[in-house]
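Numbering (this note's numbering), first residue to last: 316 to 589.
Structure representation (structure tokens):
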């Protein structure tokens, strides 16, 4: 059997974010193809494949047996990380679910977090909320990838749990100043807020690496927002005015990010994260 034919490019990208040689928990493992891929490609020492439902877990067990990997992949019925004990793994994958559910799983599994523990996350929604949660809870984003597959955009975030002293302040002065080139007419206090919003909304690591996929996504989104603004301008009412202000602000942020992506150097200072 060839696992390459069973796994999508997105799941390969998720697996590729795993630090090689670690013990991994695959939360919401579904058919365990990612778990199998990690072992087959020698990306993980061992995997605990976990799912909240008996059906997918039964399929996972069958697939693991078919690949003769019972000695490397253990299966567990688990609601999030509830069946995982501290110290059993060094990295958890949580992918293929909404951002708010991922945040809930992280909150309920906080006892698993140890210094240096890693997470590879792929939220299907609520990306800004996930990034904000990570930033506010000492989970430092060290890498992020964005890809387009079957007409849908996907983000994969790698985060590491650090002590408070090791986590950079997303709104500090140096980061605010780094946005001066892109927002020359904006006041300093506003810059700090804008810097934080941009990191949460669009992904600092994607901006740093000048992701062409992020650029494509933002160009498409800006076009849609401009269309919405144009339609709203033909209507009236307080709610319309408020919505137009929201759309205008979002367009402004996107234009700022697009300018960063097209510049000859990173707009954020180096030395943040890994």
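Glycine included, C-beta positions come from ideal geometry on N, C-alpha and C.
Hey, could you find the ends of the beta strand (DSSP E) residue i is sitting in?
i: residue 455; result: 454–464
i: residue 438; result: 433–438
i: residue 608; result: Here the chain comprises residues numbered 316 to 589, so residue 608 is not present and cannot be evaluated.
i: residue 576; result: Taken as a continuous stretch (DSSP letters only), residue 576 belongs to no beta strand (DSSP E), being part of the alpha helix (DSSP H) at 553–577.
i: residue 317; result: Neither: residue 317 is in no beta strand (DSSP E) and is coded neither H nor E.
i: residue 365; result: 359–366
i: residue 341; result: 337–342
Only counting the same chain, and skipping five residues up and downstream in sequence, which positions put a Cβ closer than 6 Å to that of residue i?
i: residue 423; result: 395
i: residue 322; result: 348, 352
i: residue 484; result: Below a pLDDT of 50, predicted positions are generally treated as unreliable, and residue 484, at 43, falls in that range; no measurement from the model is reported.
i: residue 367; result: 394
i: residue 426; result: 401
i: residue 555; result: 547
i: residue 390; result: 364, 372, 375, 376
i: residue 488; result: Residue confidence is low: residue 488 scores 39 on pLDDT, short of 50, so the model does not pin down where it sits. Its coordinate-derived value is still stated next. Cβ within range, chain order: n/a, list empty.
i: residue 490; result: At residue 490 the pLDDT is 41, less than 50, meaning the model places this residue with poor confidence; the figure from the coordinates comes in the next sentence. Result list for residue 490: 510, in chain order.
i: residue 361; result: 338, 387
Among the residues of its own chain, which have a CB less than 7 Å from the CB of residue i, if the five just before and after it don't count?
i: residue 558; result: 547
i: residue 328; result: 460, 462, 471
i: residue 480; result: Bear in mind that the predicted position of residue 480 carries a pLDDT of just 49, short of 50, making it unreliable; the figure below should be weighed with that in mind. No residues qualify anywhere along the chain.
i: residue 540; result: 562, 565, 566
i: residue 346; result: 371, 374, 375, 378
i: residue 384; result: 351, 354
i: residue 320; result: none
My assumption, with CB atoms under 8 Å, is that residue i sits in contact with residue j. Please give the rounded CB distance.
i: residue 358; j: residue 330; result: 6 Å
i: residue 415; j: residue 363; result: Not confirmed; about 24 Å, so no contact.
i: residue 515; j: residue 446; result: 5 Å
i: residue 420; j: residue 342; result: 6 Å
i: residue 476; j: residue 454; result: 6 Å
i: residue 529; j: residue 576; result: 7 Å
i: residue 380; j: residue 354; result: The Cβ separation is near 13 Å, so there is no contact.
i: residue 382; j: residue 316; result: 6 Å
If you compare alpha carbons, which of the options is closest to residue i?
i: residue 511; options: 463, 444, 540; result: 444
i: residue 572; options: 541, 519, 542; result: 519
i: residue 532; options: 561, 461, 416, 350; result: 461
i: residue 578; options: 523, 542, 347; result: 523
i: residue 440; options: 542, 539, 563, 410; result: 410
i: residue 338; options: 378, 407, 477; result: 407
i: residue 403; options: 383, 379, 429; result: 429
i: residue 526; options: 458, 332, 368; result: 458
i: residue 432; options: 390, 333, 392; result: 333
i: residue 340; options: 365, 417, 346; result: 365
i: residue 534; options: 552, 553, 550, 568; result: 568
i: residue 513; options: 542, 552, 478, 570; result: 570
i: residue 392; options: 369, 550, 552; result: 369
i: residue 517; options: 478, 456, 551; result: 456
i: residue 306; options: 344, 551, 405, 552; result: What the structure shows of the chain is the stretch from 316 to 589, and residue 306 is not part of that stretch, so it cannot be assessed.
i: residue 405; options: 474, 452, 551; result: 474
Hey, could you find the ends of the alpha helix (DSSP H) residue i is sitting in?
i: residue 534; result: 527–547
i: residue 396; result: No alpha helix (DSSP H) contains residue 396, which DSSP labels as neither H nor E.
i: residue 403; result: Segment: none, residue 403 is in no alpha helix (DSSP H) and carries neither H nor E.
i: residue 451; result: 442–451
i: residue 467; result: That residue, residue 467, is in no alpha helix (DSSP H); its beta strand (DSSP E) goes 467–476.
i: residue 329; result: 324–331
i: residue 375; result: 369–381
i: residue 419; result: 414–423
i: residue 349; result: 348–355
i: residue 521; result: 519–523
Only counting the same chain, and skipping five residues up and downstream in sequence, which positions put a Cβ closer than 8 Å to that of residue i?
i: residue 544; result: 559, 562, 563, 566
i: residue 335; result: 357, 358, 359
i: residue 499; result: Because the pLDDT at residue 499 is just 46, under 50, the model does not fix this residue reliably, and the value given afterwards should be weighed accordingly. Within the same chain, residue 499 has no close Cβ partners at all.
i: residue 448; result: 418, 421, 454
i: residue 397; result: 423, 424
i: residue 464; result: 323, 324, 325
Quick check: does the Cβ of residue i come within less than 7 Å of any heavy atom belonging to the ligand MN?
i: residue 455; result: The ligand MN is not among the ligands present in this structure, which contains no ligands whatsoever.
Margin query: If contact is defined by three or more beta carbon pairs under 8 Å, each pair taking one atom from either stretch, is the segment 456–470 in contact with the segment 435–443?
Written below: yes
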